[in-house]
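Taking it in order: structure first as structure tokens, then the write-up.
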Amino acid sequence: MNTVELEITTMAHGGSGIGRIDGRVVFCPGVIPGEVVEAELVETSKKSLWRAEAISILTPSPHRVPHIWAEADISRKPDHRAGGADYGHIELAHQRELKTEILRDSLQRFGGLTSSLAHNVRVESVPGDDERNGLEWRTRVTLHADASGRLGPYAERSHTVIPVTSVPLASRSIQKSGLLETTYEGADSVRALDTTGSG
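So the numbering used here is basically just the index in the sequence shown, starting at one, shifted up by 107.
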């Protein structure tokens, strides 16, 4: 196992933190800018871009909170962590600050906006989001079935199903549907749709 100490400096679109080693950009999910982490290098074949998985947080961010999804928590081995809920370990207000930075950067780099115009852009909550602590908003959910028919997302960057006991980002209607109490032997995936759209 090739482990390194990695200081996270920024966030990338998609929820991975970015650090640097010897001039190379290293993407690492489950981290927050300002943190120092012990990480395992998992992809080093490209000259200037590597990927890593956080193993432990050496210097935690003051914005780190217990993950909203136990199956995605940093305490689990990387290949046993549920993918999705990429910001679930970050306090809600700071999630919006990070997303604002990412959006501003993208608008400047790809959209040609000046920094003074991009500075006016902010990611804000939608009605009801704060009351639900950023949860229960997805009205469409796709989960995959393991060999015994239990549902869950894939582990990040793999096709290994991680069975879960909850789906905290799914709408209340989906959560109460019994989706996770049923086994789906022989199925590859199951899609749930909340047609009320009410969250």
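Even for Gly, the Cβ is constructed at its ideal location relative to N, Cα and C.
For this session: Leaving out five residues on either side along the sequence, give the residues of the same chain with a beta carbon under 7 Å from the beta carbon of Leu148.
Result: Start at 1 with the first residue of the sequence shown, and residue 148 comes out as number 41. Contacts found: Asn109, Val111, Trp157, Ala159.
Exercise. In the structure shown, what three-state DSSP assignment does Pro185 receive?
Worked result: As a working mapping, residue 185 is identified with position 78 in the sequence shown. The answer is helix: DSSP assigns Pro185 an H, G or I state.
Exercise. Does the distance from the CB of Ile209 to the CB of His120 come in under 7 Å?
Worked result: For this step, residue 209 is matched to residue 102 along the sequence shown. For this step, residue 120 is matched to residue 13 along the sequence shown. Yes, they are a contact pair.
Exercise. Out of curiosity, what's the CA-to-CA distance linking Glu307 and Val172?
Worked result: Nothing about residue 307 can be read from this structure; the chain reaches only from 108 to 306.
Exercise. Are Ala177 and Cys135 closer than 7 Å when you measure CB to CB?
Worked result: Taking the first residue of the sequence shown as position 1, residue 177 is located at position 70. Taking the first residue of the sequence shown as position 1, residue 135 is located at position 28. Not a contact, by the Cβ cut-off of 7 Å.
Exercise. Which residue's Cα is closest to the Cα of Thr272: Lys206, Leu258, Asn227?
Worked result: As a position in the sequence shown, residue 272 is number 165, starting the count at 1. The residue with the shortest Cα to Cα distance from Thr272 is Leu258.
Exercise. For the putative contact between Ile139 and Gly126, defined by C-beta atoms under 8 Å, what is the C-beta separation to the nearest angstrom?
Worked result: For the purposes of this step, residue 139 is identified with residue 32 of the sequence shown, where counting begins at 1. For the purposes of this step, residue 126 is identified with residue 19 of the sequence shown, where counting begins at 1. With 8 Å as the limit, Ile139 and Gly126 do not qualify as a contact, their Cβ atoms being about 11 Å apart.
Exercise. Which of helix, strand or coil does DSSP assign to Glu150?
Worked result: By one-based count along the sequence shown, residue 150 stands at place 43. Glu150 sits in a strand when the DSSP states are folded into three classes.
Problem set entry | Per-residue DSSP class, three states only, for Ile115 | Along the sequence shown, read from residue 1 onward, the residue named residue 115 stands at position 8. Strand, per DSSP.
Exercise. For the 8 Å Cβ check, are there 3 or more pairs between the stretch 217-231 and the stretch 279-289?
Worked result: The answer is no - the stretch 279-289 does not touch the stretch 217-231, with fewer than three Cβ pairs under 8 Å.
Exercise. Mind checking Pro234: buried by the 16 CB within 10 Å criterion, or exposed?
Worked result: Start at 1 with the first residue of the sequence shown, and residue 234 comes out as number 127. Burial call: exposed.
Exercise. Smallest Cα separation from Pro167: which of Ile197, Pro185, Ser152?
Worked result: As a working mapping, residue 167 is identified with position 60 in the sequence shown. The shortest CA-to-CA distance from Pro167 to any of Ile197, Pro185, Ser152 is the one to Ile197.
For this session: Please state whether DSSP places Leu250 in a helix, a strand or coil.
Result: Taking the first residue of the sequence shown as position 1, residue 250 is located at position 143. Strand at Leu250.
Exercise. What alpha helix (DSSP H) runs, 4 residues minimum, are completely inside the stretch 253-306?
Worked result: 279-282
For this session: Could you give the DSSP three-state label for Ala225: helix, strand or coil?
Result: Residue 225 sits at position 118 when you count from the first residue of the sequence shown. If DSSP states are grouped into helix, strand and coil, Ala225 belongs with the helices.
Problem set entry | Neighbourhood of Ser278 by C-beta distance below 6 Å, restricted to the same chain and skipping five residues each side | What you label residue 278 is simply residue 171 of the sequence shown in a count that begins at 1. Taken in chain order, the residues that qualify are Glu243, Thr246, Asp301, Gly306.
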